[in-house]
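J.: Per my numbering, residue 11 is the first one in the first sequence, and the count goes up by one each step. C-beta: ideal position from N, C-alpha, C; glycine also.
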Amino acid sequence: MLSVARDCIGKHLIHETDDGWVAGRIVEVEAYRGPEDRAAHSFGGRRTPRTEVMYGPPGHAYVFFVYGMHWNFNLVTTEVGAPHAVLIRAVEPTAGVELMAARRKLPPMHRDLTNGPGKLCRAFAIDGAAYGGDLTTGALFLSDGPRCKTARSPRIGIDYAGEWARRPWRFYDPGSACVSRARPGPPA
DNA sequence: TGAATGATTTACT
DNA sequence: GTAAATCATTCAA
11 MLSVARDCIG KHLIHETDDG WVAGRIVEVE AYRGPEDRAA HSFGGRRTPR TEVMYGPPGH
71 AYVFFVYGMH WNFNLVTTEV GAPHAVLIRA VEPTAGVELM AARRKLPPMH RDLTNGPGKL
131 CRAFAIDGAA YGGDLTTGAL FLSDGPRCKT ARSPRIGIDY AGEWARRPWR FYDPGSACVS
191 RARPGPPA
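(1) So, is Pro103 buried or exposed, given that buried needs 16 or more other C-beta atoms within 10 angstroms?
(2) Alpha carbon to alpha carbon, how far is Arg132 from Met119? Give it in angstroms, no decimals.
(3) How many angstroms separate the CA atom of Ala149 from the CA atom of Gly167?
(4) Which ranges does the beta strand (DSSP E) cover as unbroken runs of at least 3 residues, wholly within the stretch 103–183, from first to last along the chain?
(5) Does the count of Cβ pairs from the stretch 28–44 and the stretch 87–98 closer than 8 Å reach three?
(6) Cα separation between Pro164 and Asp183?
(7) Look up Tyr77 in the DSSP assignment and give the residues it is bridged to.
(8) Whose C-beta lies closer than 7 Å to the C-beta of Leu109 among residues of the same chain, with five residues either side of it excluded?
(9) Just verifying my parser: in three-state terms, what is the DSSP assignment at Ala95?
(10) Let me know if Tyr77 comes out buried or exposed under the rule of 16 or more other beta-carbons within 10 Å of its beta-carbon.
See below:
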């Protein structure tokens with residue numbers, strides 16, 4: 011589970027749409043460990059229409075909407091019946107930067123294009139339509155990339171989860187400028 | 001049927 | 001630094 015999350019770092023996410031296509035290298039993810047993890051939506055074995063896809067086969071997209079305005083994109087990682095997922099928190103744009111910039115209404119070459127869960131979903135035009143999609147056959151898919159070193163840290167935005175919030179299940183590429191936040195050292 | 005809340009981002013002081 | 005935006009999903013009655 012955690013190794014799967016780490017393996018996601020460095021892979022490429024591609025989304026083809028009518029407007030063109032965009033791609034990015036995944037530089038930050040978080041692991042969510044189903045029933046045991048209070049921070050996970052599937053905590054306690056909860057099974058609802060929203061979490062249903064996590065109980066299905068791996069390689070599918072778990073997309074959900076929060077705070078009334080943001081989508082988050084997850085990769086279902088484990089076998090049927092085990093509701094574990096990896097949240098894609100940030101990517102480094104590699105193609106279609108101008109299209110992303112147009113969607114985000116920001117200038118190209120801007121790091122803020124994709125350095126957050128809600129941001130990258132908007133830049134990639136990921137929404138409810140991608141829910142449950144197969145990430146190997148659909149318009150939204152993953153591709154292998156060069157393996158690279160990863161760092162780990164506690165997860166973000168789940169303080170309500172108590173001790174689980176301190177589990178170092180966030181993986182990121184320390185060499186990328188597109189990681190969402192919590193950089194260890196000064197920006198320069 | 002109704003009320004509470006969140007795996008966030010953005011804007012403003 | 002703090003606060004507001006905003007709505008699908010979820011839990012209670």
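T.: Taking the coordinates as given:
(1) buried
(2) Taken atom to atom, the span from the alpha-carbon of Met119 to that of Arg132 is near 16 Å.
(3) 29 Å
(4) If one requires a minimum length of 3 residues, the beta strand (DSSP E) runs lying completely within the stretch 103–183 are 150–153, 161–163, 180–182, in chain order.
(5) yes
(6) 14 Å
(7) Partner(s): none; Tyr77 has no beta bridge.
(8) Asp29, Gly30, Val32
(9) strand
(10) exposed
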